[in-house]
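For reference, the structure is listed below as structure tokens.
Numbering (our numbering), first residue to last: 65 to 265.
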């Protein structure tokens, strides 16, 4: 998992509330167990018409937001089913941070496990960042995980809270496997001792 320290990028506005995981990545794309290749189908039913043509008015189809790395979203983002493909699709598109007033719990946890930083802020601060994001190519926002601040295009900043353990994992690029491997020396020592004490096992 790639580490997350400081991210400076275009913020795309998506003010809709209750964006569920089926909207993020529809069910027909859940056949794969690979984490790559899903970005093209992110928000598929909102991005494309029935003939597979892009819908120009959808935010991520607009030229200014095609390379967005931050999503400023509405309340209850990521609700619905627990599919981990949702953060996979966001990450594969290039989204590394989602800012919203609230998230569904499972989606929120899955973001951290996949290298995405979900940030919960009060509605008034989300509204301010949404307004910044409406500036298109000028909507450059910096998210600093170490200092836990978000700086807008005019230099104003807001602070956010994040669990210390999750912060450690993101800043060091540690998923569940990486966390286990951090203890590899202790695991090896235990197994060597166990093998010596119980050679018949």
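Where is the CB? At the ideal position from N, CA and C, for every residue including glycine.
Check, Outcome
"Residue 225, DSSP secondary structure in three states", "coil"
"Integer-rounded CB distance, given that residue 146 should sit under 8 Å from residue 180", "Going by Cβ atoms, the distance from residue 180 to residue 146 rounds to 15 Å, so no, they are not a contact pair."
"Status (buried if at least 16 other CB within 10 Å, exposed otherwise) for residue 248", "exposed"
"Extent of the continuous alpha helix (DSSP H) run through residue 253", "248-261"
"Whole-angstrom distance between residue 103 and residue 154, CA atom to CA atom", "6 Å"
"Assumed close pair residue 133, residue 159 - CB separation to whole angstroms, cut-off 8 Å", "6 Å"
"Check whether residue 100 and residue 237 have beta carbons under 8 Å apart", "no"
"Limits of the alpha helix (DSSP H) - the one that residue 87 falls within", "85-88"
"Collapsed DSSP secondary structure at residue 137 in the structure displayed", "strand"
"Enclosing alpha helix (DSSP H) for residue 143 [first to last residue]", "Taken as a continuous stretch (DSSP letters only), residue 143 belongs to no alpha helix (DSSP H), as it is neither H nor E."
"Counterpart residues of residue 161 in DSSP-defined beta bridges", "134 and 181"
"Beta-ladder partner(s) of residue 118, from DSSP", "112"
"Coarse secondary structure for residue 65, derived from DSSP in three states", "coil"
"Neighbourhood of residue 222 by C-beta, 6 Å cutoff - its chain only, sequence neighbours within 5 removed", "189 and 214"
"Status (buried if at least 16 other CB within 10 Å, exposed otherwise) for residue 149", "buried"
"Length of the line joining the Cα atoms of residue 77 and residue 86", "19 Å"
"Beta-carbon separation (whole angstroms), residue 81 vs residue 140, contact threshold 8 Å", "6 Å"
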